[in-house]
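What follows is one structure encoded as structure tokens, with my remarks underneath.
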Amino acid sequence: MIVRRSMVILTSVMATGALTLTACGSRDDKGGDSNGGGGTTLTIGVDAPLSGENSTTGLGIQYGAQIAVDDANKNKLVPGVTFKLKAFDDKAQPATGQSNATTITGDKTAVGAVGPLNSGVAQSMQQVFASANMVQISPSNTNPELTQGKNWQTDKKRPYKTYFRTATTDELQGSFAADYAYNGLKKKSVYVVDDKQTYGAGLAKIFTEQFKKLGGKVVGTDHINTGDKDFGSLVTKIKNAKADLLYYGGQYDESSLITKQLKGAGVKIPLFGGDGMFASTYIETAGATSEGDLATAVGVPADTLPAAKTFVETYKSKGYKGDYGAYGAYSYDAATAIIKAVKAAVDANSGKVPSDINALRSSVVDGVQKSDFEGISGKVAFDQYGDTTNKQLTVYQVTKGAWKAVKTGTADLG
Amino acid sequence: MTGIGPVEPVESPERGESYDVIGADGPRLTDRWSVWWRGLPPRVRRATLAATAITLLAAGVLVPRALSEDQHPQPDRAPVPWPANVTAWRYLGPAGLPEPPGTHPTSGRFRFAVNVGSGPPVTLQVTGAAFTGLTAHALPDAFTVHPGTTRLVTVEITVSDCSGLPLSADLPFLDVTLRNTRAIQHHSFIFGRAYSRDLFRLLRGACATRSAPQPGRPSGSAGSQNAD
């Protein structure tokens, strides 16, 4: 058969090509660590809260990146290079994140970093990575300022060319949530609470502006501190305000307790939040009181992404802790973008790892900017601000004890 | 998942094949083929028909045998993508000529480019335009976009009830039902400032002027001077 003969020829050509490439590959470059097999080891840092508050989603980021690194090594995505993941716990604290960024950039085998989870932590890390000309890709930061500058609503300006993200922004998330609350749920009066953090306060502000524009009424606002456990006085205020919806900008740690105490006081209104509370832990902590609560999250449901199926199976089979549902796939794609950029740099250097780590880091920044591949969360590419071009998001609602998608959307803001 | 997964068996994504989409990218392949064929000399047409008949006869004999000989398993095909994950909308601008000054139409037409990246053809139907009080539909209602192609589509939006309509908002969207051999999905396509500006120009024209002579009227139909 012609087809069979063609396949034999094609296979021979590919095998010859692969051998040629392997022969050209560097075995003794100075960039990165030389490992026992004679190849080069390059490090990818990952920073997220791995203990304490926010760690459910933080661990999902760590292990999402870990699976990407394992896949790249197993498939020899960059011949002659072994990737190693080094995870750092920022405890959701900006100062710790900044210290971790300094450690990562000080590692002469490090070519890039994935993370952090929190927008407020990212603000403290961006300058460190920019100074080292090292790429940083967050799978979860949603505050618009990180990529588009402080005046993003009127004059977008990219602050750091080394910073990218695979998650879409709160401009989209907050507006979509407000529309669903007003037009979908038919809620007309809302009480808005945030945790005073960069992410939470920013998201609550965007939601509030859009809800008002749509004709809704904000009957009260308040702020809490991260780590708070007793929300009795807040619950009383919400009850007296007679709101028919509570919108919360912040993380699941606090919102799961707020909804529990709210419903416990007989205030049977749904709590609506952002991706920061889209975690299995929210439902586990709040129990039955979470029924009917809502959250927006970046991307579309994982079960509509065929490429994510293997990732989910691997995550489960490895017994990794944390929740992959919110950002795991986006972390996988962030790490893969770095790895592919390393491959481009090696290919452009005649198959050798550039010996100067600074030159390699610079090439990786350029390579990530040019990313264009099908990841497990969809297409991976970045616009001129470092934002993902994949602007999908989903509204989830707790139904029978699980997050269920109730609305999906895709934005084209061009 | 609620509102996401298949809501009915998907038999044929090609329903509505006879529609015409305003501003489609170019003539269909069959149209181009027909023009080319009519341009050939009669002798060439006869020779081509004879050669085609012989080729088909040979294929009829050889292909079944070849298929029976080559029973090797085929490599895994890529799974059929969900339609919302391969479909993209881009706003192009208002359709048609600008309205004369002083006129306040209650409906407007807007142009979009709809692309399907991969997988089987996707059939789309616009079902809404974000706000209660607006109706929206594509011209025609349902249209199919084939993978790897972009079709230009016109959507007509009509203001049916001004009460409760905002006169400005960010990121308005179209609600669309998408259907391919994998699933039927209800999905929103969200647009940026240009669409927001053009849509709210229509809404303000349709509603602001009509409510002005009737202060205090809680609601009214944009298409009628009569109170509801």
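Same order as they appear, the protein sequences are chains A and B.
Read in order, the letters of the first sequence are residues 548 to 961 in our numbering.
Read in order, the letters of the second sequence are residues 139 to 366 in our numbering.
Even for Gly, the Cβ is constructed at its ideal location relative to N, Cα and C.
Here the structure is a predicted model, which is why all the values come from computation and not from measurement.
Classify residue i as buried or exposed, calling it buried when 16 or more other Cβ atoms lie within 10 Å of its own Cβ.
i, result
"residue 305 of chain B", "exposed"
"residue 569 of chain A", "Residue confidence for residue 569 of chain A is low, a pLDDT of 31 falling below 50, so the modelled location carries little weight and cannot support an answer."
"residue 949 of chain A", "exposed"
"residue 920 of chain A", "exposed"
"residue 346 of chain B", "exposed"
"residue 801 of chain A", "buried"
"residue 238 of chain B", "exposed"
"residue 925 of chain A", "buried"
"residue 883 of chain A", "buried"
"residue 522 of chain A", "In the structure as shown, chain A begins at 548 and stops at 961. Residue 522 of chain A is therefore absent and cannot be evaluated."
"residue 170 of chain B", "For residue 170 of chain B, the pLDDT reaches just 44, beneath the cut-off of 50, and the residue's location in the model is therefore unreliable, leaving the point undetermined."
"residue 370 of chain B", "Chain B is shown from 139 up to 366; residue 370 of chain B falls before or after that span and cannot be answered."
"residue 641 of chain A", "buried"
"residue 339 of chain B", "exposed"
"residue 573 of chain A", "No answer about residue 573 of chain A holds up, because its pLDDT of 33 lies below 50 and its placement is not dependable."
"residue 217 of chain B", "exposed"
"residue 952 of chain A", "buried"
"residue 320 of chain B", "buried"
Does the beta carbon of residue i sit closer than 8 Å to a beta carbon anywhere in chain A?
i, result
"residue 263 of chain B", "no"
"residue 232 of chain B", "no"
"residue 337 of chain B", "no"
"residue 245 of chain B", "no"
"residue 268 of chain B", "yes"
"residue 328 of chain B", "yes"
"residue 219 of chain B", "yes"
"residue 316 of chain B", "no"
"residue 249 of chain B", "no"
"residue 279 of chain B", "no"
"residue 325 of chain B", "yes"
"residue 340 of chain B", "no"
"residue 222 of chain B", "yes"
"residue 274 of chain B", "no"
"residue 344 of chain B", "no"
"residue 206 of chain B", "Confidence at residue 206 of chain B is low in this model, with a pLDDT of 43, below 50, so the placement of that residue should be treated as unreliable; the coordinate-derived value is given next. Chain A, which has no Cβ nearer than 8 Å to the Cβ of residue 206 of chain B, makes this no."
Excluding five sequence neighbours on each side, which residues of the same chain lie with their C-beta closer than 6 Å to the C-beta of residue i?
i, result
"residue 861 of chain A", "614"
"residue 283 of chain B", "252, 254, 260 and 289"
"residue 657 of chain A", "590, 592 and 651"
"residue 955 of chain A", "847 and 941"
"residue 803 of chain A", "829, 832 and 833"
"residue 824 of chain A", "799, 802 and 842"
"residue 917 of chain A", "none"
"residue 326 of chain B", "311 and 313"
Determine, using beta carbons only, whether residue i comes closer than 8 Å to chain B.
i, result
"residue 958 of chain A", "yes"
"residue 851 of chain A", "yes"
"residue 954 of chain A", "yes"
"residue 796 of chain A", "no"
"residue 730 of chain A", "yes"
"residue 961 of chain A", "yes"
"residue 887 of chain A", "no"
Can you list, in chain order, the residues of its chain with a C-beta nearer than 7 Å to that of residue i? Leave out the 5 residues immediately preceding and following it.
i, result
"residue 647 of chain A", "594, 635 and 637"
"residue 909 of chain A", "680"
May I ask you to list, following chain order, the residues of the region 703 to 726 of chain A that have a beta carbon less than 8 Å from some beta carbon of chain B?
Result list: 718, 719, 722, 723 and 726.
If you measure beta-carbon to beta-carbon, which residues of the region 735 to 766 of chain A are closer than 7 Å to chain B?
Going along the region 735 to 766 of chain A in chain order, one finds 757, 760, 761 and 762 with a Cβ nearer than 7 Å to chain B.
Anything in the region 289 to 306 of chain B with a Cβ closer than 7 Å to a Cβ of chain A? List those residues in chain order, please.
Cβ contacts with chain A: 302, 304 and 306.
Inter-stretch contact at 8 Å, needing at least 3 Cβ pairs: the region 892 to 909 of chain A / the region 636 to 644 of chain A:
As far as the Cβ criterion goes, the region 892 to 909 of chain A does not touch the region 636 to 644 of chain A, which means the pair count is below three.
Tell me whether the region 788 to 795 of chain A and the region 817 to 824 of chain A touch, counting them as touching only if at least three CB pairs, one residue from each stretch, are closer than 8 Å.
With a cut-off of 8 Å, the region 817 to 824 of chain A and the region 788 to 795 of chain A count as touching, because enough Cβ pairs lie within range.
Does the region 617 to 631 of chain A come within contact of the region 584 to 598 of chain A, defined as at least 3 CB pairs closer than 8 Å?
Contact holds: three or more Cβ-Cβ distances are below 8 Å.
Whether or not the region 673 to 680 of chain A and the region 701 to 709 of chain A are in contact is what I'm after, with contact meaning three or more pairs of Cβ atoms, one per stretch, closer than 8 Å; do they touch?
With contact defined as three or more Cβ pairs closer than 8 Å, the region 701 to 709 of chain A and the region 673 to 680 of chain A are in contact.
Proximal residues, the region 840 to 866 of chain A versus chain B, C-beta separation under 8 Å:
The region 840 to 866 of chain A vs chain B, Cβ under 8 Å: 847, 848, 850, 851, 852 and 853.
Closer than 9 Å, Cβ to Cβ, to anything on chain B: give me those residues from the region 811 to 824 of chain A, in chain order.
The residues in question: there are none.
Report yes or no: do the region 708 to 723 of chain A and the region 872 to 881 of chain A share at least 3 C-beta pairs separated by less than 8 Å?
By the Cβ criterion, the region 708 to 723 of chain A is in contact with the region 872 to 881 of chain A, since at least three pairs of Cβ atoms, one from each stretch, lie closer than 8 Å.
Listed from N- to C-terminal order along the chain, which residues in the region 923 to 936 of chain A have their beta-carbon within a distance smaller than 7 Å of any beta-carbon of chain B?
Going along the region 923 to 936 of chain A in chain order, one finds 925 with a Cβ nearer than 7 Å to chain B.
Which residues of the region 865 to 879 of chain A have a Cβ closer than 9 Å to any Cβ of chain B? Give them in chain order.
Listed by position along the chain: nothing, the set is empty.
Tell me whether the region 307 to 326 of chain B and the region 216 to 236 of chain B touch, counting them as touching only if at least three CB pairs, one residue from each stretch, are closer than 8 Å.
With a cut-off of 8 Å on Cβ pairs, the region 307 to 326 of chain B is in contact with the region 216 to 236 of chain B, counting three or more such pairs.
The region 270 to 283 of chain B touching the region 739 to 751 of chain A, judged by at least three CB pairs closer than 8 Å
A contact is defined here as three or more CB-CB pairs under 8 Å, and the region 270 to 283 of chain B fails this definition with respect to the region 739 to 751 of chain A.
Are the region 776 to 790 of chain A and the region 745 to 756 of chain A touching by the rule of at least three beta carbon pairs closer than 8 Å?
Not touching, per the Cβ criterion.
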